[in-house]
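Per this note's numbering, residue -1 is the first one in the sequence shown, and the count goes up by one each step.
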Amino acid sequence: SSPKGRIDFENVTFAYEGAGGDPVLKNVTFSCLPGETVGIIGSTGAGKSTLISLVPRFYDTISGTVKVDGVDVKELDPALLRNRIGIVPQKTILFSGTISDNLRYGLASATQEEIEQAAVMAEAHPFIATFPEGYATRLGQKGVNLSGGQKQRLSIARALIRRPDILILDDCTSALDTATETRIKESLKQYAQGVTCLMIAQRISSVMDADKIIVLDDGEVVGVGTHDTLMASCRVYVEIFQS
Ligand code: DGT
């Protein structure tokens, strides 16, 4: 089968209703090729989370087109579209239940082997293995206390179990130390080959090795390129790098 997970934004303009109509994204154009890792950088309020929310079509554009594998998302069945996209939100939400339940998150068909594979990819397996009850360890109100970084790793594993064509990470590695973050990225490269990865980051170091980086400033794309090109050509990028 042909590679999947291409994303195209073509002159996308978007505004939230009732927010004075001021566009949050203005004329945004970029592409992610299947299997590419694309970083999104920009100051707070630049529109990064809004941008990624248009891929699973949480909102419709005012003008312009978002395409997945060449098809306007408005023409795709929303359920099928969202099934192909794994989203790891900024804030991890875990519920009272076992680690396996939390990773499965309603995907009844997931086997223990698939759960563990996803946990290995997300660098969660090693800490889960230290618990006496392993994957049967209970989380939540009466459960074990996890660190922010451990929760983020469970959240990444939860998205990977669904074997998405597109993985969207919304600034979800900020609670991880850089060594763990690097290991997760390495293992994604190795195991999740072919998965298109869109990754919002606060730290430039998180996306430095991405195939390309999109720099958003006040809803506009002010730079697209690799770290080296942007360092040489994009003022906003250099400012974020130096801050
Ligand atoms: P962050 O997460 O602080 O780094 O900021 P970004 O870059 O992810 O920005 P984003 O997309 O969360 O917000 C862009 C603008 O849109 C900002 O002025 C807040 C506004 N906004 C975000 N979400 C909503 C929403 O659900 N409703 C309305 N009315 N406005 C929103």
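The beta-carbon is built from N, C-alpha and C at its ideal position, and this holds for glycine as well. Predicted model, so just to flag it, every value in this text is computed and none were measured.
Note that the C-beta distance between residue 55 and residue 71 is below 8 Å.
Between the segment 17 to 25 and the segment 186 to 197 there are fewer than three C-beta pairs closer than 8 Å, too few to call the two in contact.
By the Cβ neighbour-count rule, residue 215 is buried, with 16 or more other Cβ atoms within 10 Å of its own.
Non-local C-beta neighbours of residue 239 in its own chain, meaning closer than 8 Å and more than five positions away in sequence, comprise 202, 229, ordered along the chain.
Judged by DSSP in its simplified three-state form, residue 203 adopts helix.
Secondary structure of residue 55 (DSSP, three-state): coil. Secondary-structure assignment with DSSP links residue 8 through a beta bridge to 63.
Taken through DSSP and simplified to helix, strand or coil, residue 193 comes out as coil. Shown here, residue 181 sits in a helix according to DSSP, grouped into three states. The beta carbon of residue 195 lies closer than 6 Å to those of 35, 165 in the same chain, with the five residues before and after it left out.
Contact check for residue 10 and residue 62: beta-carbon distance about 4 Å, within the 8 Å limit, so the pair qualifies. The residues 206, in chain order, have a CB closer than 6 Å to that of residue 225 in the same chain once the five nearest residues on each side in sequence are set aside. Sorting 122, 160, 5 by C-alpha distance to the C-alpha of residue 102 places 160 at the top.
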